[in-house]
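Below is one structure, written out as structure tokens, with a few remarks after it.
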Amino acid sequence: MDYFLELFLGGLTRGSIYALIALGYTMVYGIIQLINFAHGEIYMIGAFTALIVISVLMSTGMNPVAVILIAGFVAVIYSCAYGFTLEKIAYKPLRNAPRLSALISAIGMSLFLQNYVLLAQTCDFLPFPNLIPDFECIEPFAHIIGSTDVVILVTTAVVMIILTILIRYTKIGKAMRATSQDRVMASLMGIDVNTVISFTFILGSATAAIGGVLIASHIGMINFYIGFIAGIKAFVAAVLGGIGSLPGAVLGGFVLGWTESFATGYISSDYEDVFAFLFLVLILIFKPSGILGRSEQSKV
Amino acid sequence: MRKFAEIRKSLYVALWFIFLTFPIMVIRINPLEKTVEWRWMNMALVGIGTFFLSFLWRYLISKKEEGSKRAEEKQNEKISKLRRLIENRKIIAGSVVAGALLAAVFPFVVSLYQTNIMTTALIYVMLGLGLNIVVGLAGLLDLGYVAFYAVGAYAYALLNYHFGLNFWMVLPVGAALGALFGILLGFPVLRLRGDYLAIVTLGFGEIIRLILENWNEFSFGPSGISNISRPPLFGIELSVQNATVYMYYIMIFLCLVTIFIVKRLQDSRIGRAWVALREDEVACQAMGIDRTKTKLTAFALGATWAGMGGVVFAAKTTFVNPASFTIWESIIILCIVVLGGMGSVIGVITGAFIIILLPEYLRVFSEFRMLMFGIILVVMMVFRPGGIISGVRRTYKFEGKNF
Amino acid sequence: EDTVKVGVAGAHSGDLASYGLPSVRAAELVVKKANENGGILGSRIELFIEDDVCKPEIATNTATKLISQGVDAVVGHICSGATKAALAIYKDANVICMSPSATNPPLTQSGDYPNFYRTIASDDAQARLQVDYAIEVLKAEKIAVIHDKGDYGKGLAEFAKIFIGKEPGAEVVLYEGITPGAVDYSAVVQKIKHSKAEAVIFGGYHPEASKIVMQMRRKRIKAHFISDDGVRDATFIKVAGKYAEGVYATGPKDTTKNPLAIAAIEAHKKAYGSEPGAFFLNAYAASQALLSAIEKAGSTDYEAVTSALKNYYVETPLGKIKFDERGDAIGIGFSMYQVKNGNYIEVQ
Amino acid sequence: MLIIKDIHTFYGHIEALKGVTLEISEGEIVTLVGSNGAGKSTTLMSVCGISPPRTGDIHFMGIPIHNLPPHKIASLGICQVPEGRHIFPHLTVAENLDMGAFLRNDKRQVRRDVEYVFELFPVLAKRKKQSGGTLSGGEQQMLAISRAIMAKPKLLLLDEPSLGLSPLVVRQIFNIIFKINEDSRTTIFLVEQNANLALKIAHRGYVMENGKVTIADSAGNLVRNEEVKKAYLGI
Amino acid sequence: MSFGGLKALDGIDLYVERGEIVALIGPNGAGKTTFFNCISGIYAPTEGDIFIMKPQAGTAKRINGLKPNQVTSKGLARTFQNIRLFQNMTVLENVMMGRHVRTNAGIAGAIFRNRKTRDEEKQIVERSYGIIKKIGLAYYVNECAKNLPYGAQRRLEIARAIATEPFLLLLDEPAAGMNPQETKELDMLIQRIRDEENISILLIEHDMKLVMSISERIYVVDYGKKIAEGTPEEIKINPEVIKAYLGEDAY
Ligand SMILES: Nc1ncnc2c1ncn2[C@@H]1O[C@H](COP(=O)(O)OP(=O)(O)OP(=O)(O)O)[C@@H](O)[C@H]1O
Ligand SMILES: Nc1ncnc2c1ncn2[C@@H]1O[C@H](COP(=O)(O)OP(=O)(O)OP(=O)(O)O)[C@@H](O)[C@H]1O
Ligand SMILES: [Mg+2]
Ligand SMILES: [Mg+2]
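Residue numbers (the numbering used here), protein chains in the order written: chain X, 1 to 300; chain H, 1001 to 1403; chain L, 2001 to 2348; chain G, 3001 to 3235; chain D, 4001 to 4251.
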């Protein structure tokens, strides 16, 4: 039973890591139906920026708590800036092009950003300081769940709730939903479609940066390639939950995390990803638009 | 006045990029040594570089917009000119002969290296044409195409290892296995739409790779299978040098066959059904087209070429291991199809040459290679979103014969 | 002017770049030094650096390219798979290829590749040492064997599993492959804990090793952690920090006191401003061995260089080495290291 | 209020509008009739900025709008019920109406307007929670019109509002158009195939052929015009 | 047939005789399109049966539960309320797609292009062009479907449906978006199709002038229930129909 619980919690943490990245993925997908392959790279850049800020500030001997806050803030700002620029350069000129062209453009951007960081920084793994102190109160359970895990879990939940509220109830949220369904009509209703799309990228990038900082401090190291693998997994999570749906992304992340965790725990980690993908296929066979995805069947 | 505004715009762009690249380009940290290095030079470079590039970018974008307007105005004219060119038998015959001659003497005028990478490129031409059936014609986004490639490669590797079968015997087996896997994998998932299909096929690609990686008894795991025999020429074993050249001719032959078949399929009843299916599924069903069956045919046919490509790959490299079949491989093949121009055979060929040969020739730029490759992908798509040779489908025209 | 042409091949971009780039730097440093001393045989040495992204099919292109450029010898490739694919081409062109990192045993043991040499121990040698140490010194009875599914890590783990199986009184309680690059390994770590292993033998590279060690220690698992040359790397200690303490790793004998090694590392720091990465010293030794063999042979002739490699010792950062009939280095003694106070210290 | 001066609009190389000039004054109902493919919808799209004219001017209340992006034009008080309805398929009926009021900030009045619209079309009230995409053709058309009413525009552009509606509802729609124009002095530009009805409520009308305006006259005169009768009224 | 709690179709009985033109009318949201969807296999009705009797075969066949493509191959063809053409294909190709179900060249045929396939291809093009000419679209034959005027697109949908060789044609609001003059032309077209091709027709339409002039019998539905049936004359004066659908001052 203990073992089960441990695997369950482990899967939960892993799942919320996927979820944090998947949230941005799904949001961008929702608005322009583009698989933003470079989303993982935004997350990687967020983590790198944070690490750079930390290193610089640490060398000045600043208070660690202040350092963490500043680093997180700067990482979010920069990720947003990168997300914004990315959209302007690689996606906006392709608004009316075939969707696959935009996908290739995204792949190109992903390659570019990886190698940009590789060349400007390093190919090596860099240690990322654990920013989150061990909490006293969970010390007795430390063998099951760590403080970083708790922080990641809570952040995922908070981010999801904030985003859901934003999209459900605010004006910009309404504009986002309208834009995602019918761009022409949205602009006829007075919505500035370009601004809305930029805003969505910025929002998605911000969550990616938050994810980047937390995940990097959970894993303890980063390099230029972390974005790609995490990006693919997050994409799977987003699809599993029903792409375009925020709670879906989170649920998809959890389901994926649990599948991997239990498959490893009870079967073998050799085939961990095989089980994850098989499970994905199974779910999609029974629910072709993901767990929480809306059915795409349009009325004839 | 206009000029001034332009300069100001570029200035803003430069400032923005200086800001954007500041942490990553200027500061280099080394957390191991706890040192921080400031590279102010880079900041100046970024500033100046983006300042000028932004002029170029805006110029090109405006050109493109104008171009798209004007191009279409002139399209008719252009098309008819092109058509006249194409329909001029002499020119066709001339270029075909020239191309054939060039292809025939190629290995004798260039180095072994050039022949070798050309063979690689030709393999990708074949893969691209195969994937083009799935993505370009039937509109099914397949990110796991590499799975069938792996099936073909391992089929040859294993049959050769265990039973000593040679290349020519396994080539049809590889094709058949590819098709079989295409049907097996396609069957449960083809009712999924667009991006859902993409992710599931991606998953299948990974599953196949992971199985090859983990199932040592079957596939020899990550260390792979080596010393696979090269194709024999009438039972004669060739030296590496000659084998490379031989391989080149085999690929030329296979590519010609592929082009022939793909062209024929494209212009057939089934080819039309694929295109229609891409346009509107509901209407297609109302026309009596069996959605699943038609999609499955496309999927299986695409996989057939991948299976064959795999056999050739194993014979050329003489070694297979799972590392050759990562998702990047699927992505590369997809890039070939889209960059070249979906649905266009010449486009796919051009795409394959660019995507495969470009990184090879970019070797001059060594570590900037992949960076440039990424930029080129983006720039190509931004300025030629329909691909290099945008797929002008051969539409059925009625030539007004009398009835 | 005639130059001696040396190729350097390996992964210089993509996800495995961090294992390939150090070898480029090693070769550059060695060649620079040699050229400063007037080159060899009176001619300058020229490097040809080619990327193979660790992919067999690209490696064949790389190899043909190097051959077309007329290289006399090659340092590389990095991954065993790519090396195997490329070797057939080098063999046909009579070019010697010396890898700093391809550990797959058949490369030397099968006899298929007479032109292949390496400055790293093959998997079975390392695995032997790890298993013996775990059982005899650490007295472990229950051992978990973990690998990264890669051709290096899994090769090692396979041998370790076989060797443990042959030892009475010891058993493999867990044999698992992990996915490199995954965001965390908590499930595997739980499984290690569940298996009550007293020692963990890990085959793979330092990024995964440090993640596993960190998670093990955070989950309060005290089992010994024994790993390989891919982990015996300063980065591992820096990344894993306090959790690295007590970790074992095998590696070539006592390089830290070797003045050549110290000098090589210093030179790297001076030239590139950072600690060298994985397989740096192996690549350094390989470059040195090749150059010295050419010098000894008096020409770049294949036969002559082959015989020089097999008959003359050369001083390298890894010690005094020459090569045996099959191409494995003699003189690269292997020993066990343990992290103590943030440094790998040789034990035994 | 709206002045269109010699606009030329292109789809790629097809010139859909070949110099259209027309004018609408405040408080008018003006109708545009013409056969299929004459360029009526294109004219409306040009006014809204979706397919901006390549040459020519459009002024709305004195402001040149031919270079403005669609959302800016909308914010000046122009709203369109487009051909093909363009309902947001995954928003519910209520949310679709809410989108109509996107630019409005008077929440209380908006709520009252929703009630008003539901009174006009009780069918919609019954389907409040149903997503727009699953409505029947006619229901969608009613929703599209209601959504435009929610925007409280100064100028309302209607593209074939009667399309797919039952005879009863068609008459009702025209009554509503008439009423909106009377009550809130909303200016209306109406494109309609059902020229009989359109000319009944319109003050003035234009006839369009092949991308050009061929006849401009008062509604009464157009109804009596022999050519119009024959070509568009089916009499 | 119901969606959630809503009963979209509630026990409708309807028959079409051979060679008849029958109209289905009713207020918006009455369930007419849904009825078509049930017949053509897009939805499966929860209750009730659909039978067809082919002109040649004597026995009735039950077709509910079949997939849309199977229904089409049995000889029912339809058009859509919201036009669904293959936008980027030419007019000719659109009609050629209709021939798909009546031809059978396979992969082997495509690759080897033997005599049979060649003949079949030729026959597809010729038959398609014949239909296009008959429908009056010959002028547009090589034009992309999306560039056609609305009315022509509607006619093209009909042409495409006829190409599948149906014995019953289901038309969903064929006159929508046409002006009175064009509607008149459509009227004649439909009658010609019935007479020349010998196809029965069931149509949904809100244009009463067309319905009254063309149809031999009319069914009226409201809230998924049939409220009346009869000849145009009977329907015109049926008080229930006037109240629910036509309005007081109609005709
Ligand atoms: N997206 C488009 N691409 C190319 N041509 C188009 C496009 N939309 C319309 N056209 C062409 O422009 C011309 C005018 O079309 P428009 O839709 O404005 O006509 P309309 O008067 O509204 O006709 P209808 O009564 O059918 O709605 C037509 O010839 C049409 O074929
Ligand atoms: N998928 C669905 N989900 C929920 N309700 C639906 C769905 N499809 C149709 N409906 C409802 O069923 C009813 C019947 O719709 P249908 O489209 O058959 O009407 P119709 O008679 O064709 O009307 P119109 O003349 O306006 O086209 C409508 O009220 C519609 O809202
Ligand atoms: Mg129109
Ligand atoms: Mg309907």
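The beta carbon of each residue, even a glycine, is placed where N, CA and C say it ideally should be.
Let me know the secondary structure DSSP gives residue i once reduced to three states.
i: residue 2338/L; result: strand
i: residue 4170/D; result: strand
i: residue 2153/L; result: helix
i: residue 2205/L; result: coil
i: residue 1402/H; result: With a pLDDT of 36 at residue 1402/H, under the threshold of 50, the predicted position of this residue should be treated as unreliable, though the coordinate-derived value follows. Coil.
i: residue 4144/D; result: strand
i: residue 62/X; result: coil
i: residue 1384/H; result: coil
i: residue 2142/L; result: strand
i: residue 115/X; result: helix
i: residue 3112/G; result: helix
i: residue 3016/G; result: strand
i: residue 2231/L; result: coil
i: residue 4217/D; result: strand
i: residue 4222/D; result: strand
Using a threshold of 6 angstroms, is the CB atom of residue i nearer than that to any non-hydrogen atom of ligand 3?
i: residue 272/X; result: no
Can you tell me whether residue i is buried or exposed, with buried defined as 16 or more other CB within 10 angstroms of its CB?
i: residue 3109/G; result: exposed
i: residue 134/X; result: exposed
i: residue 4104/D; result: exposed
i: residue 4250/D; result: With a pLDDT of only 46 at residue 4250/D, under 50, the local geometry of the prediction cannot be trusted, and the value read off the model is given with reservation. That one is exposed.
i: residue 1162/H; result: exposed
i: residue 3139/G; result: buried
i: residue 157/X; result: exposed
Following a CB-centred definition, is residue i positioned closer than 6 angstroms to any heavy atom of ligand 1?
i: residue 3039/G; result: yes
i: residue 4149/D; result: yes
i: residue 195/X; result: no
i: residue 43/X; result: no
Start and end of the beta strand (DSSP E) containing residue i?
i: residue 3080/G; result: 3078-3081
i: residue 2098/L; result: 2096-2099
i: residue 3218/G; result: 3212-3218
i: residue 2343/L; result: 2343-2346
Between residue i and chain A, is there a C-beta pair that is closer than 7 angstroms?
i: residue 109/X; result: Among the protein chains of the structure shown, namely X, H, L, G and D, there is no chain A.
Can you determine whether any heavy atom of ligand 2 sits closer than 6 angstroms to the C-beta of residue i, and answer yes or no?
i: residue 3196/G; result: no
i: residue 3138/G; result: yes
Cβ-heavy atom distance between residue i and ligand 4 below 6 angstroms?
i: residue 4033/D; result: yes
Got a sec, what are the start and stop residues for the alpha helix (DSSP H) residue i sits in?
i: residue 3233/G; result: Premise fails: residue 3233/G is in no alpha helix (DSSP H) and is neither H nor E.
i: residue 3006/G; result: Per DSSP, residue 3006/G belongs to no alpha helix (DSSP H); it is in the beta strand (DSSP E), 3002-3011.
Original post:
Hey, is the stretch 149-160 of chain X in contact with the stretch 3061-3076 of chain G, meaning 3+ C-beta pairs nearer than 8 angstroms?
Top reply: Verdict: no, contact absent.
Original post:
On the three-pair Cβ rule with 8 angstroms, is the stretch 235-255 of chain X touching the stretch 2163-2182 of chain L?
Top reply: Too few Cβ pairs lie closer than 8 angstroms, so no.
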